[in-house]
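The structure under discussion appears below in the form of structure tokens.
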Amino acid sequence: MTPSKPDLVEMLRKMILIREFDLLAIELRKARRVHGALHPYVGEEAVAVGVCSVLKTTDRITSTHRGHGHCIAKGADINRMMAELFGRVDGYCKGKGGSMHIADFSIGMLGANGIVGAGLPIACGAALAAQLEGAGGVTACFFGDGATGEGEFHESLNIASVWKLPLLFVCENNQWGADNAVESVRVVQDIAAHANAYGIPGVTVDGNDVSAVREASETAVERARRGEGPTLLHCKTFRWLFHAMRDVPPPETRDPKVLESWKSPARDAIARHEGDLTGRGILTAADTQAMRERVKRDLETAVDFAEASPYPDPKDLLVDMFAE
Amino acid sequence: MTPSKPDLVEMLRKMILIREFDLLAIELRKARRVHGALHPYVGEEAVAVGVCSVLKTTDRITSTHRGHGHCIAKGADINRMMAELFGRVDGYCKGKGGSMHIADFSIGMLGANGIVGAGLPIACGAALAAQLEGAGGVTACFFGDGATGEGEFHESLNIASVWKLPLLFVCENNQWGADNAVESVRVVQDIAAHANAYGIPGVTVDGNDVSAVREASETAVERARRGEGPTLLHCKTFRWLFHAMRDVPPPETRDPKVLESWKSPARDAIARHEGDLTGRGILTAADTQAMRERVKRDLETAVDFAEASPYPDPKDLLVDMFAE
Amino acid sequence: MREINFLQALDEAMIEEMQRDERVFTLATRRAVALEQKFGDQRVRITPISESAFTGIGLGAAGSGFRPVIHWGMVTFMFVAMDQIVNQASKIRYMFGGQADFPVTYRCTTGGGSQVAAQHSQSPYSMFMHLAGLKIVLPSTPADAKGLLKSAIRDNNPVIFFECSRLASVVGPVPDDDVTVPLGVAEIKREGRDVTVVGLAYYVRESLAVAEQLATEGISVEVIDPRTLVPLDVETIRTSVRKTGRLVVVDEAPATCSAASEIIALVTEDPDTFRALKAPPQRVCAAPVPVPFSPPLEQAALPDRPRIVEAIRRALDGAHASV
Amino acid sequence: MREINFLQALDEAMIEEMQRDERVFTLATRRAVALEQKFGDQRVRITPISESAFTGIGLGAAGSGFRPVIHWGMVTFMFVAMDQIVNQASKIRYMFGGQADFPVTYRCTTGGGSQVAAQHSQSPYSMFMHLAGLKIVLPSTPADAKGLLKSAIRDNNPVIFFECSRLASVVGPVPDDDVTVPLGVAEIKREGRDVTVVGLAYYVRESLAVAEQLATEGISVEVIDPRTLVPLDVETIRTSVRKTGRLVVVDEAPATCSAASEIIALVTEDPDTFRALKAPPQRVCAAPVPVPFSPPLEQAALPDRPRIVEAIRRALDGAHASV
Ligand SMILES: Cc1ncc(C[n+]2csc(CCOP(=O)(O)OP(=O)(O)O)c2C)c(N)n1
Ligand SMILES: Cc1ncc(C[n+]2csc(CCOP(=O)(O)OP(=O)(O)O)c2C)c(N)n1
Ligand SMILES: [Mg+2]
Ligand SMILES: [Mg+2]
């Protein structure tokens, strides 16, 4: 089904919001206003946005250590996300989780995760729940190319295929796992090739083409809703920035030519989608300009919201441990 | 390379010895003369014997919970194996290990293992050692169809393929993982299909044809010795008896027709190899008769050896914990 | 009251809880035939041998409104799934700020004594106690097994339910109506004056047998079964020790960083209980080795009645010594 | 003596041991550029993110004549490989009757204090201490880090080498010749009369700072660093407690079933030391929660100097109280 114009516009807005959110977070981290480790999603926005654009609020996702994009794409509130980075009580986790543990169960975002591969089994569980509910719900789990080295990748593909779970395995192949090029940790570069051994569809798409990601996701989601089981979706994209930062961003060690080419308007997911919408007359340059200003204002509001929120009271240290 | 006549004869002897060893162990266990849990290898003899027939003593293997066949095929001493089942000091593990933990590092048998899948990484380590030694050594790891559900199956295939480890992944597909038919735990029944995603050869063979297993193993071993990396060898066989027994063998719950057909001379690995050797005039019926009697005598000797060996002295409880 | 064995009691709890709440389902690599016939293969699922996956599945389904009961088989096998317990189950609620509950129960068998050697004879409860965020159950009677499993399944948190293998065939009275046993309440299985013995699982029975024997010598032993290790009913233990002045803890895990170590620390760091101590507290635990296969070695490795008696006598002598 | 930091000391140990013995090689998911340039990518290998596999690989290679040093990164990540440690590494030599040695060293970082929240701030040493069969190292100074890593690599058993993150940049004197520090020998980092403080890793430094501060009040604190948790030099600790009559253990792991619990149990169950105790032993450990992200919460969760001081004062008051 071709997406409606409002959908296409919203996809662009979310991609811009994700990018600006992470660029701002980096500045805030450098200024020591937010804490802990940051894993920017810059350059990979089309994957989260394309996949989540075909999910309902009641559908569920699991995320990774690089989770801000998944949160925003699934519809999380940037005020509460920002407050979490600031470690404040109005953050999604009341300041207990931080960047690597943002979750919003009310919109089916079952959490970022600091453990590579650990989200896949949890996603299988959410998909099993949807299957038992029988209401046609689906789950998408995001994971990186590096995560394909973990056993949970295989175990989850196998169980999901045996039980025909309504599940999208979304591999974000951004070419790097921390300092390691994907070529150095696997022989076969087409990650979709794993699907054959489980008897499920394996699809490779241009992860910087949000419409292509959306289309492939739609096919997989419809299949899952029909009860026909999971799909392995391999999205080829690129990590523009460093793997992770603490107090200061680490130096870039990758080939500048490769970086340049990925950042060029011809490959940048945002530039491409924006060009597409303006080219088709759905948006004017003025519209996208306004959109960008709106995003900036929303982010300023988020920072104000976060800073207005108090730090948790140390005497609440033991709160939230056990449910009644 | 076509095996020499002595090799072919030795393969038959070892298959018979493995079968008789396990049938005897069951009787000894029923009589409470040996202890713990037993996992008989009866029906699967051609896999261990075919693979190990192309390995040198300096090559290494890892085994499973169903390890007696692997030990004998690699050249272990049945006296010390039997003494281990009896829990005596002259057993391979001085009585500390029992059936599930027999090992003989002096012949490259790195141990049975009570944990499904756990032998694969250990085998990768032995293969890495061989690669670093640079003397052309290879390692074979045996694992079941059920073990293909474990993450270590995938992790090991991936690392071995990336590093081109001199390794044979030998999947003993005996159709069952404890009470579960292999069809109930995976969608694709050709386990060799996994190989593609790692860029390594995946070969499926009749696991009840010892010559076919030997031939496929030889190809894989030569490839490994040449430094070209691992092979996934999928051997289709069948578990004749129960999965495991403690004090009494559990009742058989599988389809009797299927059992019958696997046990028929047309499919039984021993009957087939024996028929082949007699048919080709390499052995006479009298020869095989003598061979069987010899095996029986050797096993009686093993039981005498075991019973003559004392139980460990409780005051040695703490011995063998740490190396100097 | 009718008598059934430990396993039957656990099966009854499963059936009753699955009848009571259709959000309860169970996963295992081993068939539970009766249960499957009753509730079908959707709610009683066989899984591939993929502990990491189905342990995480329990968590994901629990976070999505279900109440999974995951059976690992032996505790041994769960270690391939340890990440899902250490980094996910024990932390997930707190690190997400309490926004969701995770009512999942993980069952497994523990313990030695049946010649299955190092890997299949483990009792590693303390490794899970150390992880703030899990409830931990360890019953010693059929009635407690049933009542505690019901409470575990109804609890809104991840619970690890340990089932001592040597108790499987033990028979005892079990009420046939819907009786739960609360988590966090120890039981004084036998009252006594002279020494407090805290036993775990199989060693509650052994401690009771020893108490019976020593009674004939006029030694009065109080036997306490914590029943749950998290929450741990430390007050019942401290109160007893303040009365007897002597403590012996009996368990088949190795002593180092064990539940026994913790109980001794909790007792001695409490000022009133510390002052009431008349003798050094004693641990009767497994030898610091993987459980060996050979019967005489295995027997030497695990606690037994003579060693419990010795420890009690040491505690009583200690009394004089420490005057 | 020249001064270098904790990480530099560890790097030196790696370089020297790889030069000394060509059977030493190392695996990690993270590049060690200097080491790789020196020894090449065969002996300094990058692995896929497959902890189960490369943890088992260490064992298989060790059993085949090599001396692997496996770096897990954070201890957090090793839990996906826990089976290879619990069911293989800790048991493999004993259950095979001692027929082979497994000289493998597993390195990882531990601890909180840098706002990386629940999963990335753990100190689970006690979970490994409980497993009979592993040696466990936890250094607190650059010199000990270097000397102990050398001993770990030369040891013929599986060793887990914990590196406290907050010590990474700490600078101290390190001898530049080949000096090893033996496993199993604690060090009295400061002598004192009134109270024994056993600190672990980062909290050795904090305890020393507190000792300095309390000295001005005339309180004499003895500070002991066990340096290795297995083997644990319990005699040095007991001797100190017999002298001071008071014990405080400081560590950033949660208290339950911790190394601190074990040290208290080992001290109190020894008759002579028990009799010498003038006050209840004290634990200063992390709050029983996953380490929270927000700075004020994280600070509240972890031990700090004021809490160490309080515990020492409680121990000293306890003295009067218990007369
Ligand atoms: C089990 C585990 N091992 C190692 C790490 C450390 N680590 C964090 S992110 C990362 C790289 C992950 O690469 P990939 O899956 O491609 O995701 P990306 O960072 O590229 O988004 C590693 C090794 C971890 N978090 N968890
Ligand atoms: C990690 C783990 N999970 C579960 C078990 C229990 N178990 C022992 S053998 C077995 C079946 C294994 O099937 P397969 O791999 O096909 O080997 P087979 O027994 O058929 O030779 C199971 C589930 C185990 N030993 N280890
Ligand atoms: Mg990546
Ligand atoms: Mg099988």
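Chains as they are written, first to last, in our numbering: chain A, 17 to 340; chain B, 17 to 340; chain C, 19 to 341; chain D, 19 to 341. C-beta atoms are modelled at their ideal positions from N, C-alpha and C, and glycine is treated no differently.
How close, in whole Å, do the beta carbons of residue i and residue j come, if the pair is a contact with beta carbons under 8 Å?
i, j, result
"A:Glu26", "A:Gly223", "Actually they are not in contact, since the Cβ atoms of A:Glu26 and A:Gly223 sit about 19 Å apart, beyond 8 Å."
"C:Ile242", "C:Thr254", "6 Å"
"C:Pro289", "C:Leu265", "Their Cβ separation, rounded to whole angstroms, is 16 Å, which puts C:Pro289 and C:Leu265 out of contact at 8 Å."
"B:Ile216", "B:Leu249", "Actually they are not in contact, since the Cβ atoms of B:Ile216 and B:Leu249 sit about 11 Å apart, beyond 8 Å."
"B:Leu71", "B:His289", "The pair is not a contact, with the Cβ atoms about 18 Å apart (cut-off 8 Å)."
"D:Ala277", "D:Met147", "6 Å"
Rounded to whole angstroms, what is the Cα-Cα separation between residue i and residue j?
i, j, result
"D:Ala339", "D:Ala297", "Here the model assigns D:Ala339 a pLDDT of 44, short of 50, so the residue's position is not dependable and the matter cannot be decided."
"D:Ala229", "A:Cys251", "57 Å"
"B:Met31", "B:Ala62", "7 Å"
"C:Pro160", "A:Ala145", "32 Å"
"D:Leu156", "D:Val51", "25 Å"
"B:Ala41", "B:Met261", "11 Å"
"B:Met125", "B:Ile77", "5 Å"
"D:Val309", "A:Ala99", "18 Å"
"A:Gly111", "D:Leu320", "16 Å"
"B:Ser122", "C:His89", "39 Å"
"A:Asp332", "A:Asp106", "14 Å"
"D:Tyr10", "D:Glu270", "Because chain D is modelled from 19 through 341, residue 10 of chain D falls outside the range shown and cannot be assessed."
"C:Gly78", "D:Gly129", "28 Å"
"A:Ala104", "A:Tyr327", "At residue 104 of chain A the sequence reads Arg, which differs from the Ala that was named. So the two alpha carbons sit approximately 4 Å from each other."
"C:Phe180", "C:Cys126", "5 Å"
"D:Phe114", "B:Cys109", "5 Å"
"A:Asn190", "B:Tyr57", "46 Å"
"B:Ile175", "B:Arg49", "43 Å"
"D:Glu209", "D:Thr262", "11 Å"
"C:Leu166", "C:Met145", "21 Å"
"B:Ile207", "B:Asp161", "8 Å"
"D:Ser187", "C:Ala204", "47 Å"
"B:Val335", "B:Val65", "34 Å"
"D:Thr65", "A:Val201", "7 Å"
"B:Ala128", "A:Val198", "34 Å"
"B:Arg310", "D:Gln37", "54 Å"
Say the cut is 6 Å; is the CB of residue i nearer than that to a heavy atom of ligand 1?
i, result
"D:Val98", "yes"
"A:Arg82", "yes"
Less than 6 Å separating the Cβ of residue i from some heavy atom of ligand 5?
i, result
"C:Thr47", "Judged by which ligands are present, ligand 5 is missing from the structure shown, whose ligands are ligand 1, ligand 2, ligand 3 and ligand 4."
Taking 6 Å as the cut-off, does the CB of residue i come closer than this to any heavy atom belonging to ligand 2?
i, result
"C:Ile67", "yes"
"C:Phe95", "yes"
"B:Ile131", "yes"
I'd like to know whether the C-beta of residue i is nearer than 7 Å to at least one C-beta of chain G.
i, result
"C:Ile282", "No chain G is part of this structure, whose protein chains are labelled A, B, C and D."
For review: beta carbons within less than 7 Å of any heavy atom in ligand 3: A:Gly160, A:Asp161, A:Gly162, A:Glu188, A:Asn189, A:Asn190, A:Gln191, A:Trp192, A:Gly193, A:Val198 and A:Arg255
Per the contact definition of three or more C-beta pairs closer than 8 Å, is the segment 84-103 of chain D in contact with the segment 295-305 of chain B? no
At a cut of 8 Å, does the segment 238-253 of chain A reach the segment 171-183 of chain A through at least three beta carbon pairs? yes
Count Cβ pairs between the segment 158-174 of chain A and the segment 153-173 of chain B that sit closer than 8 Å; are there 3 or more? yes
When you compare the segment 65-83 of chain A with the segment 129-143 of chain A, are there three or more beta-carbon pairs, one atom per stretch, that lie closer than 8 Å? yes
I want to know whether the segment 48-65 of chain C touches the segment 96-107 of chain C - three or more CB-CB distances under 8 Å. no
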